[in-house]
Amino acid sequence: MSKVYMISIFAENKPGRLERVTKVLSEANINILAFSITSTNGFGVIKFMVNKWEEAYKLLKEKGFTVSLNEAIGIEMKDQPGGLHEVVKILSLKGINIESASVYVAETRKKAYLIVEVEDTAKAMEMLKGENLRFLNAEDIK
């Protein structure tokens, strides 16, 4: 079982902010695999899972963005009705609280992954051992 990484960027919710971030990633040939945006009161958090997370994190910091790197777990789910429910039911039964989530669809809809950030990644991964789950490996997305 391996963890993956999400990059979080904190920014004012203004036109052009996302464009600036995606330009940095595009120019460095970094592929965005999943992302989400949440905002409130004029500020937001943009979260990305990318193929070169170490490079992306370093570049974004160098460009002056307020950025953090967060561990996450990528859990394979069926790309069909009920697929998400099957995975979150297991997390719920194990008492694992999802703090943030996004979805990554791999191999042109052949595989989908729920990417979750939780309070204690190592503990959650230990709790999920023995479940009939397949996990995304950070090396698989490089």
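Numbering (the numbering used here), first residue to last: 1 to 142. All C-beta atoms in this analysis are idealised placements derived from N, C-alpha and C, irrespective of residue type, glycine included. Because the structure is a prediction, the values reported are computed rather than measured.
Spatial neighbours of residue i in its chain, beta-carbon cut-off 7 Å, leaving aside the 5 residues before and after
i    : result
N13  : S39, G42, F43, G44
A124 : I73, I96, V118
Residue i burial status per 10 Å Cβ neighbour count (16 or more: buried)
i    : result
F10  : exposed
S102 : buried
V67  : buried
A122 : exposed
Proximity winner among the options, relative to residue i (alpha-carbon distances)
i    : options               : result
K63  : K129, L25, M6, E99    : L25
S8   : A72, H85, I46, A56    : I46
F60  : R134, E117, L18       : It is Leu, not Phe, that sits at residue 60 in the sequence shown. Of the listed residues, the one whose Cα sits closest to L60 is L18.
F35  : E107, M125, A28, V116 : V116
G113 : G83, R20, I30, L69    : It is worth fixing the name first, because residue 113 is Tyr in this sequence and not Gly. When each option's Cα is compared against that of Y113, the closest is G83.
I141 : K52, E99, K89, I90    : K52
M6   : E27, Y57, V87, R20    : Y57
Backbone CA spacing between residue i and residue j [nearest angstrom]
i    : j    : result
P81  : I96  : 22 Å
E71  : G130 : 21 Å
S2   : P15  : 36 Å
V50  : E119 : 21 Å
T22  : I37  : 13 Å
E54  : I30  : 10 Å
I98  : L69  : 17 Å
S100 : F65  : 20 Å
L91  : H85  : 10 Å
The beta strand (DSSP E) enclosing residue i, as first and last residue numbers
i    : result
I7   : 3 to 12
A106 : 100 to 106
A112 : 111 to 117
Where the alpha helix (DSSP H) containing residue i begins and where it ends
i   : result
I73 : Counting along the chain, I73 falls outside any alpha helix (DSSP H), though it belongs to the beta strand (DSSP E) covering 66 to 77.
I90 : 83 to 93
Sequence-distant residues of its chain with Cβ nearer than 6 Å to residue i (five each side left out)
i    : result
V4   : A72, G74, L136, A138
K94  : M127
L133 : I75
F48  : I7, I32, F35
Beta-carbon contacts of residue i that lie in its chain and below 8 Å, excluding the five residues immediately before and after
i    : result
K111 : E76, D79, V105
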